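Protein chains in written order, with the numbering used here: chain A, 146 to 641; chain B, 795 to 939. Glycine residues also receive a C-beta, built at the ideal position from the N, C-alpha and C atoms. Just so it is clear, the structure is predicted and the values come from calculations on it, not from any experiment.
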């Protein structure tokens with residue numbers, strides 16, 4: 146046995162990060178490729194039920210599966226999953242199941258157009274959805290909610306039937322972009338377990354995938370061999386991947402890696418922005434104005450979306466209407482412009498300018514603004530979390546009678562009469578939870594911003610940090626004020 | 795031979811694309827057609843007039859008056875009227891209350907609206923002959939106190 150290194154017992158508390166794929170039961174389930182198909186199939190069935198009930202069920206939103214599941218439970222569980230784990234709603238996305246089926250018929254050959262390989266298009270779509278949600282009171286319209294879901298399926302199907310790879314997820318899907326930004330604060334990340342293993346890897350299956358044996362007839366080669374396992378369709382080469390941005394948690398890289406070297410590992414959320422490395426499939430965050438704009442809209446859009454459901458918004462809208470003599474569409478457009486353009490430009494621009502003066506940096510305002518805007522994400526996440534948790538927790542059990550009612554409508558009343566008195570947790574209990582979430586969000590934003598300042602200006606960290614800390618506190622005050630307002634949902638604001 | 799094979803392959807793709815587009819268009823058209831169809835009201839024989847006080851409605855205590863008549867204008871008495879107030883947003887707690895008959899065909903119910911915004915009032919009416927009628931009214935813009 147000469148020459149063999151003596152084996153040592155592994156340390157009892159080895160410094161290995163938690164890996165969900167190694168967890169008993171759940172890890173085994175997730176590693177199994179058919180689990181993903183089954184979960185997507187389940188969500189496809191739920192989506193079809195939502196569509197059917199939205200189109201043919203009762204038109205009153207609280208009695209309909211499309212609106213109750215879509216605007217209360219789906220959004221609430223999505224944000225909680227992002228908080229507690231990662232982007233598992235993209236993992237379970239039913240649109241991808243339909244797309245994969247369609248790709249058995251269509252074999253796209255086109256690449257997504259180069260000018261659109263950025264976040265500007267999905268950013269515009271995200272703003273459009275937020276605008277339509279308010280303008281047409283989508284939360285109260287099951288029929289239109291059903292058509293929104295159908296539109297999503299159609300868009301995913303059409304885009305990915307024409308263009309190769311996951312073009313829809315990476316360059317179109319507004320929900321996906323929301324999830325990518327929110328997942329920056331998630332505690333889990335799909336990542337390599339041991340970088341040494343990757344450095345010795347010659348196949349690169351995690352990005353390229355692998356094909357079966359090439360099928361060759363007696364006379365002629367019949368194209369490429371079939372793909373047995375895809376690699377990452379979002380161009381995230383695992384050894385160079387460093388954050389959850391653009392990661393759908395589809396686990397194709399996990400299935401593809403021949404060395405079983407990709408896991409879903411716990412990561413330190415505070416280190417997400419450290420070093421500003423060139424990230425696989427993304428580049429440097431500090432060079433990506435489109436991503437910076439996306440997460441700025443994510444943050445200020447959280448305030449806007451909550452502002453749309455409190456009493457003061459109606460007084461403001463009515464005042465604008467009387468002042469300018471314009472209809473509800475232009476009034477709402479002005480409010481969107483205030484929240485998504487004027488406010489961020491003012492706050493972020495002022496902070497960047499002040500930081501530049503204090504630190505005497507020679508970079509442009511845009512460069513400083515882009516670099517530090519990433520620090521706002523925890524605040525935006527906290528506001529979305531507080532908002533969606535409110536609806537989820539206060540209406541947690543409403544899905545029970547709606548489901549009973551939907552089954553009755555379908556002629557299957559085996560769950561009995563709908564228990565319409567089931568609701569959820571009282572507002573007086575939920576509100577302190579919301580405030581707690583916002584406190585944590587402020588702490589997260591401060592830590593992130595400080596870590597950016599530390600990296601960016603090691604000698605003058607506090608001078609670089611101070612203006613951004615003020616912006617964080619201002620946004621936080623706005624968020625707290627919104628949470629303390631009484632909820633007031635109207636689709637007819639100018640009638641008041 | 796290669797060219798023929800390639801042309802045949804293209805034709806196959808075109809055929810599949812057309813078939814797929816046709817099926818997709820048929821699904822969409824049928825969904826539109828069914829979704830847009832007229833939903834007939836089974837309670838046409840019962841006419842309902844309603845009124846809420848104070849008007850416009852505010853959060854807190856309000857009184858809801860309902861008058862039931864037949865198409866000839868004759869009051870319909872002896873009915874049981876249960877009322878339900880729902881917010882336009884799903885996931886919010888509904889408020890249940892019942893109407894008491896104060897005069898033939900005239901019912902009054904007290905309701906505590908819990909938050910400002912758009913509400914919908916549902917009337918679950920059981921007529922004296924046991925027939926059930928459902929009616930729905932919008933109560934937009936309930937004001938905060």
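Whole-angstrom distance between residue j and residue i, CA atom to CA atom
{"i": "residue 307 (chain A)", "j": "residue 355 (chain A)", "result": "22 Å"}
{"i": "residue 935 (chain B)", "j": "residue 259 (chain A)", "result": "48 Å"}
{"i": "residue 303 (chain A)", "j": "residue 256 (chain A)", "result": "14 Å"}
{"i": "residue 440 (chain A)", "j": "residue 370 (chain A)", "result": "41 Å"}
{"i": "residue 918 (chain B)", "j": "residue 928 (chain B)", "result": "5 Å"}
{"i": "residue 324 (chain A)", "j": "residue 894 (chain B)", "result": "51 Å"}
{"i": "residue 204 (chain A)", "j": "residue 849 (chain B)", "result": "26 Å"}
{"i": "residue 229 (chain A)", "j": "residue 333 (chain A)", "result": "8 Å"}
{"i": "residue 507 (chain A)", "j": "residue 330 (chain A)", "result": "31 Å"}
{"i": "residue 87 (chain A)", "j": "residue 612 (chain A)", "result": "What is shown of chain A runs 146 to 641, which leaves residue 87 (chain A) out entirely."}
{"i": "residue 434 (chain A)", "j": "residue 549 (chain A)", "result": "48 Å"}
{"i": "residue 186 (chain A)", "j": "residue 239 (chain A)", "result": "7 Å"}
{"i": "residue 375 (chain A)", "j": "residue 558 (chain A)", "result": "44 Å"}
{"i": "residue 456 (chain A)", "j": "residue 883 (chain B)", "result": "15 Å"}
{"i": "residue 197 (chain A)", "j": "residue 384 (chain A)", "result": "44 Å"}
{"i": "residue 644 (chain A)", "j": "residue 446 (chain A)", "result": "Within the shown structure, residues of chain A are numbered from 146 to 641, placing residue 644 (chain A) beyond reach of any answer."}
{"i": "residue 422 (chain A)", "j": "residue 910 (chain B)", "result": "49 Å"}
{"i": "residue 517 (chain A)", "j": "residue 573 (chain A)", "result": "36 Å"}
{"i": "residue 512 (chain A)", "j": "residue 431 (chain A)", "result": "7 Å"}
{"i": "residue 538 (chain A)", "j": "residue 344 (chain A)", "result": "47 Å"}
{"i": "residue 251 (chain A)", "j": "residue 321 (chain A)", "result": "23 Å"}
{"i": "residue 623 (chain A)", "j": "residue 162 (chain A)", "result": "37 Å"}
{"i": "residue 419 (chain A)", "j": "residue 221 (chain A)", "result": "30 Å"}
{"i": "residue 409 (chain A)", "j": "residue 390 (chain A)", "result": "14 Å"}
{"i": "residue 879 (chain B)", "j": "residue 292 (chain A)", "result": "27 Å"}
{"i": "residue 444 (chain A)", "j": "residue 335 (chain A)", "result": "24 Å"}
{"i": "residue 180 (chain A)", "j": "residue 458 (chain A)", "result": "45 Å"}
DSSP-derived helix/strand/coil call for residue i
{"i": "residue 834 (chain B)", "result": "Here residue 834 (chain B) scores only 45 on pLDDT, less than 50, and its place in the model is too uncertain to base an answer on."}
{"i": "residue 633 (chain A)", "result": "coil"}
{"i": "residue 409 (chain A)", "result": "strand"}
{"i": "residue 878 (chain B)", "result": "strand"}
{"i": "residue 222 (chain A)", "result": "helix"}
{"i": "residue 906 (chain B)", "result": "strand"}
{"i": "residue 274 (chain A)", "result": "helix"}
{"i": "residue 956 (chain B)", "result": "Only positions 795 to 939 of chain B appear in this structure, which leaves residue 956 (chain B) out of reach."}
{"i": "residue 861 (chain B)", "result": "strand"}
{"i": "residue 867 (chain B)", "result": "coil"}
{"i": "residue 897 (chain B)", "result": "strand"}
{"i": "residue 365 (chain A)", "result": "In this prediction, residue 365 (chain A) has a pLDDT of 49, which is less than 50 and means its spatial position is unreliable; what the coordinates show is noted afterwards. Three-state DSSP puts residue 365 (chain A) in coil, outside helix and strand."}
{"i": "residue 570 (chain A)", "result": "coil"}
{"i": "residue 928 (chain B)", "result": "strand"}
Counted within 10 angstroms of its Cβ, other Cβ atoms place residue i as buried (16 or more) or exposed
{"i": "residue 173 (chain A)", "result": "exposed"}
{"i": "residue 847 (chain B)", "result": "exposed"}
{"i": "residue 509 (chain A)", "result": "exposed"}
{"i": "residue 836 (chain B)", "result": "Residue placement at residue 836 (chain B) cannot be trusted, given a pLDDT of 48 that sits under 50; the coordinates are not used to answer."}
{"i": "residue 566 (chain A)", "result": "exposed"}
{"i": "residue 845 (chain B)", "result": "exposed"}
{"i": "residue 182 (chain A)", "result": "exposed"}
{"i": "residue 206 (chain A)", "result": "buried"}
{"i": "residue 285 (chain A)", "result": "buried"}
{"i": "residue 193 (chain A)", "result": "exposed"}
{"i": "residue 199 (chain A)", "result": "buried"}
{"i": "residue 388 (chain A)", "result": "buried"}
{"i": "residue 232 (chain A)", "result": "buried"}
{"i": "residue 940 (chain B)", "result": "Residue 940 (chain B) cannot be examined here, being either before or after the span of chain B that is shown, 795 to 939."}
{"i": "residue 373 (chain A)", "result": "exposed"}
{"i": "residue 365 (chain A)", "result": "Its pLDDT being 49, under 50, residue 365 (chain A) is placed unreliably in this model, and the value from its coordinates should be taken loosely. Residue 365 (chain A) comes out exposed."}
{"i": "residue 350 (chain A)", "result": "buried"}
{"i": "residue 171 (chain A)", "result": "exposed"}
{"i": "residue 584 (chain A)", "result": "exposed"}
Cβ-Cβ separation, residue j to residue i (assumed contact under 8 Å), whole Å
{"i": "residue 225 (chain A)", "j": "residue 451 (chain A)", "result": "About 17 Å separates the two Cβ atoms, so there is no contact after all."}
{"i": "residue 642 (chain A)", "j": "residue 210 (chain A)", "result": "Absent from the model: residue 642 (chain A). The displayed extent of chain A is 146 to 641, so no value can be given."}
{"i": "residue 236 (chain A)", "j": "residue 395 (chain A)", "result": "6 Å"}
{"i": "residue 166 (chain A)", "j": "residue 399 (chain A)", "result": "7 Å"}
{"i": "residue 620 (chain A)", "j": "residue 491 (chain A)", "result": "Not confirmed; about 12 Å, so no contact."}
beta-carbon residue i near the ligand COA non-hydrogen atom, thresh 7 Å
{"i": "residue 465 (chain A)", "result": "For the structure depicted, the ligand COA is absent and the ligand set is empty, with no information on it obtainable."}
Could you give the uninterrupted runs of the alpha helix (DSSP H) lying entirely in the segment 228-269 of chain A, keeping only those of 4 residues or more?
-> 233-236 and 239-247
Where in the segment 480-560 of chain A do unbroken runs of the alpha helix (DSSP H), each at least 4 residues long, occur, reported from the N-terminal end onward?
-> 488-504, 510-518, 522-539 and 544-554
Please specify which runs of the alpha helix (DSSP H), each continuous and at least 4 residues long, are wholly inside the segment 160-213 of chain A, giving them in chain order.
-> 171-176, 178-201 and 210-213
What are the start and end residues of each continuous beta strand (DSSP E) run of 3 or more residues lying completely inside the segment 300-352 of chain A, in chain order?
-> 333-337
Whole alpha helix (DSSP H) runs in the segment 404-475 of chain A with 4 or more residues, listed along the chain?
-> 434-452 and 456-469
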